[in-house]
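Peer 1: The structure is given below, and queries will be raised subsequently.
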Amino acid sequence: EYYLLVGTYTGSGSKGIYVYNFDAKTGAVKWVGNTDDASNPSFLAVSWDGRKVYAVNETGGANPAKVSAYNFDKGSGKLTFLNSSFTGGDGPCYVSISPANNWLAVANYDGGSATMLPLNEDGTIRPYAQLINDSIYKTTDKKETPHVHACVFSPDGNFLFTPDLGLDKVMIYHFNPASEKPLVLATPSFAASKLGGGPRHMTFHPNNKFAFVTQEMGGVVNSYRYQDGKLSKLQDIPTFPKGFTGVKDGAEIVVSPDGKFLYVSNRGDLNSITIFSINPTSGKLSLIGYQSTLGKDPRNFMIDPTGNYLLAANLKSNNVVVFKINKQTGLLTETNNQFDVPSPACLVMIRKN
Numbered sequence: 001e002y003y004l005l006v007g008t009y010t011g012s013g014s015k016g017i018y019v020y021n022f023d024a025k026t027g028a029v030k031w032v033g034n035t036d037d038a039s040n041p042s043f044l045a046v047s048w049d050g051r052k053v054y055a056v057n058e059t060g061g062a063n064p065a066k067v068s069a070y071n072f073d074k075g076s077g078k079l080t081f082l083n084s085s086f087t088g089g090d091g092p093c094y095v096s097i098s099p100a101n102n103w104l105a106v107a108n109y110d111g112g113s114a115t116m117l118p119l120n121e122d123g124t125i126r127p128y129a130q131l132i133n134d135s136i137y138k139t140t141d142k143k144e145t146p147h148v149h150a151c152v153f154s155p156d157g158n159f160l161f162t163p164d165l166g167l168d169k170v171m172i173y174h175f176n177p178a179s180e181k182p183l184v185l186a187t188p189s190f191a192a193s194k195l196g197g198g199p200r201h202m203t204f205h206p207n208n209k210f211a212f213v214t215q216e217m218g219g220v221v222n223s224y225r226y227q228d229g230k231l232s233k234l235q236d237i238p239t240f241p242k243g244f245t246g247v248k249d250g251a252e253i254v255v256s257p258d259g260k261f262l263y264v265s266n267r268g269d270l271n272s273i274t275i276f277s278i279n280p281t282s283g284k285l286s287l288i289g290y291q292s293t294l295g296k297d298p299r300n301f302m303i304d305p306t307g308n309y310l311l312a313a314n315l316k317s318n319n320v321v322v323f324k325i326n327k328q329t330g331l332l333t334e335t336n337n338q339f340d341v342p343s344p345a346c347l348v349m350i351r352k353n
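Everything in the sequence shown is counted per my numbering, starting at 1 for the first residue and increasing by one.
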């Protein structure tokens, strides 16, 4: 069994982070508890031992944005607030933990910046040590506005990738955890996307040879061959049906644990998951089909560690829906397991033992 943690937006009655039991044999979900108050914990990250949880507090302006640390009790499922630290930029929307559990990387969407915060041995967060504003990378139109939307460590932990939706680039950094300022631009320093596409989230294949990026506005997935910090474009493939003319609004992207399939969520007028098969030799994608998320605005989804279930968080319909994965075909089927939660924005799991 696992714990399922749900990060939310708190403007519609939510109390913050919700904790549930998740049964990986049946897909059943049962409420355990929640934080009493947390401000827009919209994206979560879990330490490798499952005992620390980090949440961005997606605010800004008069209410400066922070990232918060919690202790997680695997016995009771209780979250205990430890501390928080300012991110240095408005609207943080993504947080990730370095492989050695000693740094946090935060993407500030409204601030257009990436922040690196060192961690103490007890998991508490120290003040940020490095803040990189992507406005320094403007190369096309002076009106373009940077929006850093994710911060993803490479599988070996030697690089950090930060998709910038506003600049249509995935910035690439060498990551040195021993340095006071751990990020230095790599060579090449970015992978460019089609103008107006809006690179949003990124994931790696389990074999570490391929990487995939979803475009928010373009409705496209970019597939790359990956080696030692370098991304070599393989393919651009649409996530929407042929002839579709409605609003395209890509969100999350996840590879199945066995590496056979890639899943991408579509918001806008689609409210669906697009399913691709992955060629294990070439890394290229082939369309398999689509699945309604049975809700509105699937901002985030995840696949449980067993690879048996996909859970879709529908932000605007306030529900999380559990689908069964066919491991042979990649297709999804309804399980009749779903639950209501206010404005769900992020899903993560922690193994109980």
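Where is the CB? At the ideal position from N, CA and C, for every residue including glycine.
Just verifying my parser: in three-state terms, what is the DSSP assignment at aspartate 156?
Peer 2: Position 156 of the sequence shown, counted from the start, is the residue given in the question as residue 156. In this structure, aspartate 156 counts as coil in the three-state DSSP scheme.
Peer 1: Tell me, which residues are paired with valine 174 by DSSP?
Peer 2: Start at 1 with the first residue of the sequence shown, and residue 174 comes out as number 174. Going by the sequence as given, residue 174 is histidine instead of valine. Partner(s): Phe159, Val184.
Peer 1: Quick one: Cα of leucine 311 to Cα of valine 322, how far?
Peer 2: Counting from 1 along the sequence shown, the entry for residue 311 is found at position 311. Counting from 1 along the sequence shown, the entry for residue 322 is found at position 322. When rounded, the distance between both Cα atoms is 5 Å.
Peer 1: Of the choices Asp168, Gly219, Ala313, whose alpha-carbon is the least far from that of lysine 296?
Peer 2: Residue 296 sits at position 296 when you count from the first residue of the sequence shown. The shortest Cα separation from lysine 296 among Asp168, Gly219, Ala313 belongs to Ala313.
Peer 1: Whose C-alpha, out of Gly246, Gln235, Phe43, is nearest the C-alpha of threonine 59?
Peer 2: Within the sequence shown, the letter at position 59 stands for residue 59. It is Phe43.
Peer 1: From isoleucine 350 to lysine 143, what distance separates their C-alpha atoms?
Peer 2: On the sequence shown, residue 350 is found 350 positions in, with the first residue counted as 1. On the sequence shown, residue 143 is found 143 positions in, with the first residue counted as 1. The straight-line gap from Cα to Cα measures roughly 42 Å.
Peer 1: Alanine 62: which of Ser282, Leu79, Gly91 sits nearest, CA to CA?
Peer 2: Position 62 of the sequence shown holds residue 62. When each option's Cα is compared against that of alanine 62, the closest is Gly91.
Peer 1: Round the Cβ separation of proline 257 and glycine 289 to the nearest angstrom and send it over; I've been treating them as touching at under 8 Å.
Peer 2: Here residue 257 corresponds to residue number 257 of the sequence shown, with the count starting at 1. Here residue 289 corresponds to residue number 289 of the sequence shown, with the count starting at 1. Not quite, the Cβ-Cβ distance comes to about 20 Å (not below 8 Å), so this is no contact.
Peer 1: In angstroms with no decimal places, state the Cα-to-Cα distance between leucine 234 and serine 223.
Peer 2: Translated into positions along the sequence shown, residue 234 becomes position 234. Translated into positions along the sequence shown, residue 223 becomes position 223. Using only the alpha carbons, I get a separation of about 5 Å.
Peer 1: Which residue wins for smallest C-alpha separation from glutamate 1, given the options Lys74, Phe261, Asn40, Gly7?
Peer 2: The residue given as residue 1 occupies position 1 in the sequence shown. Of the candidates Lys74, Phe261, Asn40, Gly7, the one whose C-alpha sits nearest the C-alpha of glutamate 1 is Lys74.
Peer 1: Strictly by DSSP, which residues pair up with phenylalanine 22?
Peer 2: Position 22 of the sequence shown, counted from the first residue, corresponds to residue 22. According to DSSP, phenylalanine 22 bridges with Tyr2, Val29.
Peer 1: How far does the beta strand (DSSP E) with serine 256 in it extend, from its first residue to its last?
Peer 2: Residue numbering aside, residue 256 sits at position 256 when the sequence shown is read from its first letter. First-last for serine 256: undefined, no H or E at that position.
Peer 1: From the DSSP output, in three-state form, read off tyrosine 54 for me.
Peer 2: Counting from 1 along the sequence shown, the entry for residue 54 is found at position 54. Here tyrosine 54 sits in strand by DSSP.
Peer 1: Comparing C-alpha positions only, which one of Asn120, Gly88, Pro99 sits nearest to valine 106?
Peer 2: Here residue 106 refers to the residue found at position 106 when the sequence shown is read from its first residue. Here the closest residue by C-alpha is Gly88.
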